[in-house]
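Below is one structure, written out as structure tokens; comments come after it.
In the working numbering, the protein residues as written are 1 to 217.
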């Protein structure tokens, strides 16, 4: 079940956190600084600190992903640069002639994560391009290259941290285990794919989402 908490300012969010029960809830934040600050407050308040009381979103995505894909291997940006070029170079693509094509691929893939998260994208996109030939002329070749990289990584069990929300969305989440209610406090930094994933997780867990308006201190 998804419950949306609309906080008009930071003080309202602080009041919500004051009611946070670390034994029953996991508070999910976007960055390390926020995690440390909230952990510090909990330690003062509770005297002890459970590991799962406050986590970054990337940490949660990792834990959930490895439940579904225990054999998956995380791919660093540095290794991806080398590996993807080793895959691209033999293709002899006239518009991807140097390793500088890899950063373009990585940026484009991040843009299309919401598409790759749909297991049917390999069927849907060819039809979409047929109906939108101008789009195919502009960027269809890059999409096809990115889709090939995505497919190959999927087949070889390779995943980048930034892809984890899309990887989770492409799987059946009904078998996931998480004993605590999830409270998402990601602010304006939540991505479209993360938003979709939060909604999907709410079908299987109790989820609260802090929805900020324009905050003042």
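Note that beta-carbon positions come from the ideal geometry of N, C-alpha and C, so glycine has one too.
As the structure is a computational prediction, the values presented were derived from the model and not from experiment.
Just checking my contact of residue i with residue j at CB under 8 Å: how many whole Å lie between their CB atoms?
{"i": "residue 186", "j": "residue 28", "result": "7 Å"}
{"i": "residue 5", "j": "residue 208", "result": "6 Å"}
{"i": "residue 58", "j": "residue 182", "result": "About 14 Å separates the two Cβ atoms, so there is no contact after all."}
{"i": "residue 177", "j": "residue 67", "result": "7 Å"}
{"i": "residue 88", "j": "residue 96", "result": "6 Å"}
{"i": "residue 80", "j": "residue 157", "result": "Actually they do not touch by this definition, with Cβ atoms about 14 Å apart."}
Go ahead and pull the three-state DSSP assignment for residue i.
{"i": "residue 84", "result": "helix"}
{"i": "residue 118", "result": "coil"}
{"i": "residue 43", "result": "helix"}
{"i": "residue 194", "result": "helix"}
{"i": "residue 212", "result": "strand"}
{"i": "residue 138", "result": "helix"}
{"i": "residue 155", "result": "helix"}
{"i": "residue 217", "result": "No answer about residue 217 holds up, because its pLDDT of 40 lies below 50 and its placement is not dependable."}
{"i": "residue 23", "result": "coil"}
{"i": "residue 48", "result": "coil"}
{"i": "residue 74", "result": "strand"}
{"i": "residue 160", "result": "coil"}
{"i": "residue 145", "result": "helix"}
{"i": "residue 174", "result": "helix"}
{"i": "residue 94", "result": "coil"}
{"i": "residue 79", "result": "helix"}
{"i": "residue 64", "result": "helix"}
{"i": "residue 69", "result": "coil"}
{"i": "residue 199", "result": "helix"}
Measure the CB-CB distance between residue i and residue j and report whether it falls below 8 Å.
{"i": "residue 117", "j": "residue 169", "result": "yes"}
{"i": "residue 54", "j": "residue 39", "result": "yes"}
{"i": "residue 104", "j": "residue 85", "result": "no"}
{"i": "residue 30", "j": "residue 196", "result": "no"}
{"i": "residue 16", "j": "residue 74", "result": "no"}
{"i": "residue 201", "j": "residue 61", "result": "no"}
{"i": "residue 2", "j": "residue 199", "result": "yes"}
{"i": "residue 150", "j": "residue 109", "result": "yes"}
{"i": "residue 35", "j": "residue 56", "result": "yes"}
{"i": "residue 113", "j": "residue 44", "result": "no"}
{"i": "residue 46", "j": "residue 22", "result": "yes"}
Specify, as a first and last residue, the run of the beta strand (DSSP E) that residue i falls within.
{"i": "residue 218", "result": "The chain is shown from 1 up to 217; residue 218 falls before or after that span and cannot be answered."}
{"i": "residue 3", "result": "2 to 7"}
{"i": "residue 182", "result": "181 to 185"}
Considering residue i, what are the terminal residues of the alpha helix (DSSP H) in which it resides?
{"i": "residue 106", "result": "101 to 111"}
{"i": "residue 13", "result": "10 to 18"}
{"i": "residue 166", "result": "164 to 169"}
Give me the DSSP bridge partner(s) of residue i.
{"i": "residue 207", "result": "2, 182"}
{"i": "residue 29", "result": "56, 185"}
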